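Peer 1: Residues in the sequence shown are numbered consecutively from 1, following UniProt numbering.
Heads up, the beta-carbon is just placed ideally off N, CA and C, and yes, glycines get one too.
Every value quoted in this text rests on a predicted model; they were computed, and no experiment measured them.
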Amino acid sequence: MRIFENLESEVRGYIRSFPTIFKKAKGAILTDEQGVEYIDFFAGAGTLNYGHNNEHISKALIEYLQEDGIVHGLDMATSAKKEFLQTFESLILKPRNLEYKLQFTGPTGTNAVETALKLARLVKGRSNVVAFTNGYHGLSQGSLAVTGNNEYRDESYISRTNATFMPFDGYFGDMNTLTYFRKFLEDGSSGVDLPAAVILETIQGEGGINVASKEWLQELEAICREFDILLIIDDIQVGNGRSGEFFSFEFAGINPDMVTLSKSIGGGLPMALLLFKPHLDQWKPGEHTGTFRGNNLAFVASKVSLDHYWQNDNISKAVFYKEKILREALEKIATKYKDDYEIEIRGRGLAYGFEIKNDKSMASDISAYAFQEQLIIETCGSESQVVKFLPPLLIDEELLIEGLKRFENAVDRLII
Ligand code: PMP
Numbered sequence: 001m002r003i004f005e006n007l008e009s010e011v012r013g014y015i016r017s018f019p020t021i022f023k024k025a026k027g028a029i030l031t032d033e034q035g036v037e038y039i040d041f042f043a044g045a046g047t048l049n050y051g052h053n054n055e056h057i058s059k060a061l062i063e064y065l066q067e068d069g070i071v072h073g074l075d076m077a078t079s080a081k082k083e084f085l086q087t088f089e090s091l092i093l094k095p096r097n098l099e100y101k102l103q104f105t106g107p108t109g110t111n112a113v114e115t116a117l118k119l120a121r122l123v124k125g126r127s128n129v130v131a132f133t134n135g136y137h138g139l140s141q142g143s144l145a146v147t148g149n150n151e152y153r154d155e156s157y158i159s160r161t162n163a164t165f166m167p168f169d170g171y172f173g174d175m176n177t178l179t180y181f182r183k184f185l186e187d188g189s190s191g192v193d194l195p196a197a198v199i200l201e202t203i204q205g206e207g208g209i210n211v212a213s214k215e216w217l218q219e220l221e222a223i224c225r226e227f228d229i230l231l232i233i234d235d236i237q238v239g240n241g242r243s244g245e246f247f248s249f250e251f252a253g254i255n256p257d258m259v260t261l262s263k264s265i266g267g268g269l270p271m272a273l274l275l276f277k278p279h280l281d282q283w284k285p286g287e288h289t290g291t292f293r294g295n296n297l298a299f300v301a302s303k304v305s306l307d308h309y310w311q312n313d314n315i316s317k318a319v320f321y322k323e324k325i326l327r328e329a330l331e332k333i334a335t336k337y338k339d340d341y342e343i344e345i346r347g348r349g350l351a352y353g354f355e356i357k358n359d360k361s362m363a364s365d366i367s368a369y370a371f372q373e374q375l376i377i378e379t380c381g382s383e384s385q386v387v388k389f390l391p392p393l394l395i396d397e398e399l400l401i402e403g404l405k406r407f408e409n410a411v412d413r414l415i416i
């Protein structure tokens with residue numbers, strides 16, 4: 001379908017799912033060129049936790065530019081960087097007793113993942129990294145090698161170098177999938193090289209909103225400690241408050257060696273960073289540098305969003321409150337159709353999945369019908385079989401309820 005009429009070039013991307021040209025956005029509403037308003041349950045795949053054009057972020061950016069604030073400073077120390085770091089330390093790291101060094105990587109999440117993999121291999125002097133089925137960590141060569149879904153890789157003939165996959169929590173139903181991992185490690189001649197690190201999301205965002213349990217994460221951490229393996233949590237999609245707490249692993253009380261952050265940490269502007277335990281700082285000078293490693297506008301946006309929403313974790317209560325509304329609405333729909341459809345609802349915070357297990361093709365149709373109901377919602381999972389709910393964390397309660405009604409209408413229209 002051609003969206004941009006009169007243009008020679010056709011652009012690839014989400015326009016295939018949402019056939020209109022969007023012009024404006026505020027909060028959880030996207031408006032297209034015809035003035036049609038859509039409720040946004042996609043939020044830039046978790047980039048817009050604070051909503052589109054957040055008033056505090058926009059105001060801070062305008063003021064910063066009016067005062068000739070530095071936009072590009074390569075990797076130099078700037079006031080905007082200093083203020084972001086002070087805020088991140090005092091509001092996020094200190095209250096959680098977390099001690100990390102912080103490294104800005106290239107602007108996208110993929111860059112933070114590449115940095116984590118490189119540093120882990122460098123520190124441990126081993127090449128293998130363990131990743132998990134259905135995990136997603138990016139599409140450049142190193143991150144792609146630890147991404148589960150073959151579809152992203154097969155046609156481009158990129159092999160899965162230096163990566164071993166293990167089954168994620170829940171992959172075999174109730175069976176403890178870590179039994180395999182431990183066995184492979186204990187049996188050193190099994191064919192699985194001792195890894196430098198394991199990398200995982202606590203809630204697999206692209207892979208279908210698969211949620212790791214607290215016990216599973218704790219056991220994984222214990223295995224990593226026992227076998228001297230670094231634990232990397234990729235919190236690019238579900239960090240920054242999406243799970244209800246700032247970091248998605250807090251609920252499990254684990255202490256990862258490295259954490260990747262991107263998407264919402266920049267308040268909607270490109271920014272990615274790696275947190276790592278101070279003793280892992282074994283970089284030689286200039287060993288991992290680049291041009292866009294510290295976007296000053298993103299520092300400004302990030303600082304102001306942390307100031308407004310993370311004083312005493314004030315946003316958390318609202319996320320858990322809205323989670324209840326979301327979960328109950330989805331369960332009501334699942335119950336309505338339980339005689340004919342096996343529907344599974346799973347998630348944490350405001351990251352939820354709705355999977356019709358006995359008809360995998362329905363999720364994409366629901367997303368298309370939802371668009372007609374003026375609701376923007378995407379699918380995820382290796383077969384796009386899961387409808388994925390990622391509304392802005394700040395969405396008004398009424399708008400959340402209205403969006404859920406539109407979702408139910410879309411399901412009704414498809415099924416009836
Ligand atoms: N890790 C996770 C968990 C992600 O969800 C994504 C993006 N969907 C990435 C890494 C890659 O981030 P980016 O697209 O910004 O490179």
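1. Assuming residue 60 contacts residue 298 (C-beta within less than 8 Å), just tell me the rounded distance between them.
2. Take the Cβ of residue 347 as the centre, count every other Cβ of all protein chains shown within 10 Å, and call the residue buried at 16 or more, exposed below.
3. Kindly indicate the opening and closing residues of the beta strand (DSSP E) around residue 348.
4. Under 9 Å, do residue 421 and residue 185 count as touching if we go by C-beta distance?
5. Indicate whether the contact test is met: 3 or more Cβ pairs, each with one atom in the segment 351-367 and one in the segment 378-390, closer than 8 Å.
6. Reducing DSSP to helix, strand and coil, say where residue 394 ends up.
7. Just mark residue 172 as buried or exposed, buried being the case when its beta carbon has 16 or more other beta carbons within 10 Å.
8. Confirm the yes/no value for this check: CB of residue 236, any heavy atom of the ligand PMP, distance under 8 Å.
9. For residue 222, is the classification buried or exposed, using 16 other Cβ atoms within 10 angstroms of its Cβ as the cut-off for buried?
10. Below 7 Å CB to CB, which residues in the same chain sit around residue 141 once its five sequence neighbours on both sides are set aside?
11. Run through DSSP, which three-state label would residue 186 get?
12. List, from N- to C-terminal side, the alpha helix (DSSP H) runs of 4 residues or more that fit wholly inside the segment 202-255.
13. Along the beta strand (DSSP E) that carries residue 352, what are the first and last residues, could you check?
14. Taking 8 Å as the cut-off, is the CB of residue 351 close to at least one heavy atom of the ligand PMP?
15. Can you list, in chain order, the residues of its chain with a C-beta nearer than 7 Å to that of residue 213? Leave out the 5 residues immediately preceding and following it.
16. In three-state terms, what does DSSP make of residue 178?
17. In the DSSP assignment, what are the bridge partners of residue 375?
18. Where residue 33 and residue 25 are concerned, what is the direct C-alpha to C-alpha distance, given to the nearest angstrom?
19. Does the Cβ of residue 201 lie closer than 8 Å to at least one heavy atom of the ligand PMP?
Peer 2: Quick look at the numbers:
1. For the purposes of this step, residue 60 is taken as residue 60 along the sequence shown, with counting starting at 1. For the purposes of this step, residue 298 is taken as residue 298 along the sequence shown, with counting starting at 1. Taking a contact as a CB-CB distance under 8 Å, the pair residue 60 and residue 298 does not count as one, their CB atoms being some 11 Å apart.
2. By one-based count along the sequence shown, residue 347 stands at place 347. Under this definition residue 347 is a buried residue.
3. The residue labelled residue 348 in the question sits at position 348 within the sequence shown. Looking at the DSSP string, the run of the beta strand (DSSP E) that includes residue 348 is 343-348.
4. The structure shown does not extend to residue 421, since the chain is modelled only from 1 through 416, so no value can be given for it.
5. Cβ pair count under 8 Å is three or more, so yes.
6. The residue labelled residue 394 in the question sits at position 394 within the sequence shown. In the structure shown, the three-state DSSP call for residue 394 is coil.
7. What you label residue 172 is simply residue 172 of the sequence shown in a count that begins at 1. Residue 172 should be labelled exposed.
8. Taking the sequence shown and counting its residues from 1, one reaches residue 236 at position 236. Under cutoff, so the answer is yes.
9. Position 222 of the sequence shown, counted from the start, is the residue given in the question as residue 222. Classification of residue 222: exposed, given that the 10 Å Cβ count is below 16.
10. To locate residue 141, count along the sequence shown from 1; it is residue 141. Around residue 141: 158.
11. Residue numbering aside, residue 186 sits at position 186 when the sequence shown is read from its first letter. DSSP, reduced to helix, strand and coil, places residue 186 within a helical segment of the structure shown.
12. 214-226, all fully within the segment 202-255.
13. As a first step, residue 352 is located in the sequence shown; it is residue number 352 there, counting from the start. Annotation: the continuous beta strand (DSSP E) that includes residue 352 extends over 351-356.
14. Here residue 351 refers to the residue found at position 351 when the sequence shown is read from its first residue. Not so, every heavy atom of the ligand PMP lies at least 8 Å from the Cβ.
15. Mapped onto the sequence shown, residue 213 falls at position 213. For residue 213, where only same-chain residues beyond five positions count, the Cβ hits under 7 Å are 169.
16. As a first step, residue 178 is located in the sequence shown; it is residue number 178 there, counting from the start. The DSSP-derived three-state label of residue 178 is helix.
17. Stepping through the sequence shown from its first residue, residue 375 is reached at position 375. Answer is 39.
18. Your numbering for residue 33 matches position 33 in the sequence shown. Your numbering for residue 25 matches position 25 in the sequence shown. Going by the C-alpha atoms only, they are around 11 Å apart.
19. As a first step, residue 201 is located in the sequence shown; it is residue number 201 there, counting from the start. True, at least one ligand heavy atom lies under 8 Å from that Cβ.
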